Structures are given as structure tokens and as C-alpha cells.
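Residue numbers (numbering that gives the first Met the number 0): 0 to 112.
We put the beta carbon where it would ideally sit given N, CA and C, even for glycine.
The model shown is predicted, which means the values in this text are computed figures rather than measured ones.
For reference, the structure discussed in these notes is given below.
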Amino acid sequence: MSMVFLLPERVYKVKKQVDFGFADFSTLFKRFQACFAEVQLNQRLAPDVYMGVVPVSMKRATREICVRCDDFWTPEKGADLDWWLNDQFGEIVEWAVHMVRLPDDCTLLHRME
């Protein structure tokens with residue numbers, strides 16, 4: 000249902016455009032809502048891990064993909080999606096959950112060894 004992109008210090012989780020009935024991510028807005036709900040729920044349990052929801056933009060002229068990781072949405076900012084509309088970054092084509100990457104020694108696989 001999601002694609003996870005691992006970077007050295009960050010993780011981005013993007014919902015796939017699917018509709019399973021019980022999980023409907025068929026539109027950009029529904030994927031934003033799902034990302035928002037995930038962050039809202041998990042920030043209570045892991046506030047230092049779940050940073051917020053970030054826009055994934057595409058510049059029209061160059062088709063360059065841009066993730067504004069320093070400019071993420073949090074529940075405190077409210078539901079104003081216009082906050083991100085800016086021609087400098089291009090059109091928002093996706094939303095991603097922005098997380099801090101945990102050290103490898105914190106993974107279940109490592110703890111089972």
C-alpha cells in the first residue's frame with residue numbers, strides 16, 4: 000500500500016494510488032488524508048520519529064521532483080493546503096509521511112539476532 004524511501008537520516012513513505020475498499024488512496028486528497036491520519040496517530044506514540052506530512056512537487060518546466068523536507072505539515076499548522084502553493088516548487092503531485100530514520104540496531108531483525 001506504500002512505498003518507503005530510506006535516506007541516511009530520513010524516511011519518506013508515499014501511499015500508492017490504490018482502492019482496496021477498506022483503504023482508499025485513489026485520489027491525491029485521499030492520500031493526503033491518509034498521511035495526515037497516520038502522522039496524527041503515530042506522533043502520540045513516537046513524536047521524535049514522525050515529523051509530519053511533506054509535499055512532493057514537480058516543476059513543470061524541468062519535470063524535476065522536489066520534496067520540501069524542511070517545510071512539512073504538522074497538525075498544528077491546520078488543514079490549509081494552500082499553504083504550500085508556490086510556483087517556485089511546482090505542482091504538488093504527491094504527499095509523503097516524513098520520519099526520522101532509526102538506527103539499524105533498533106530494528107526488529109537486529110534485536111532478534
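Taking the alpha-carbon positions, what's the valine 10 to alanine 60 distance?
Looking up residue 10 in the sequence shown gives position 11. Looking up residue 60 in the sequence shown gives position 61. Straight-line Cα distance between these residues: approximately 27 Å.
Sequence-distant residues of its chain with Cβ nearer than 8 Å to leucine 5 (five each side left out):
Locating residue 5 in the sequence shown gives position 6, where the first residue counts as 1. Cβ-Cβ distances below 8 Å link leucine 5 to Arg100 in the same chain, with the five nearest sequence neighbours on each side left out; the list follows chain order.
State the DSSP-derived secondary structure class of alanine 60, mapped to helix, strand or coil.
Numbered from 1 along the sequence shown, position 61 holds the residue referred to as residue 60. Alanine 60 sits in coil when the DSSP states are folded into three classes, being neither helix nor strand.
Please report the straight-line C-alpha distance between valine 48 and alanine 95, rounded to a whole angstrom.
Here residue 48 is taken as the residue at index 49 of the sequence shown, counted from 1. Here residue 95 is taken as the residue at index 96 of the sequence shown, counted from 1. For the pair valine 48 and alanine 95, the Cα-to-Cα distance works out to about 14 Å.
Tell me whether valine 48 sits in a helix, a strand or coil according to DSSP, three-state version.
Reading the sequence shown from its first residue, position 49 is the one you call residue 48. In the structure shown, valine 48 sits in coil (DSSP, three-state: anything other than H, G, I, E or B).
Give me the Cα-Cα distance between phenylalanine 117 and glutamine 39, rounded to the nearest whole angstrom.
Here the chain covers residues 0 to 112 and nothing more, so residue 117 does not appear.
Round the Cβ separation of alanine 33 and lysine 14 to the nearest angstrom and send it over; I've been treating them as touching at under 8 Å.
On the sequence shown, residue 33 is found 34 positions in, with the first residue counted as 1. On the sequence shown, residue 14 is found 15 positions in, with the first residue counted as 1. For a cut-off of 8 Å, the C-beta gap from alanine 33 to lysine 14 is around 5 Å, short enough to register as a contact.
Excluding the 5 residues preceding and the 5 following arginine 30 in the sequence, name in chain order all residues of the same chain whose CB lies nearer than 6 Å to its CB.
Counting from one through the sequence shown, the residue named residue 30 turns up at place 31. Exclusion of the five residues before and after arginine 30 leaves Lys14, Phe24, Trp94 as the residues of its chain whose Cβ lies within less than 6 Å of its Cβ.
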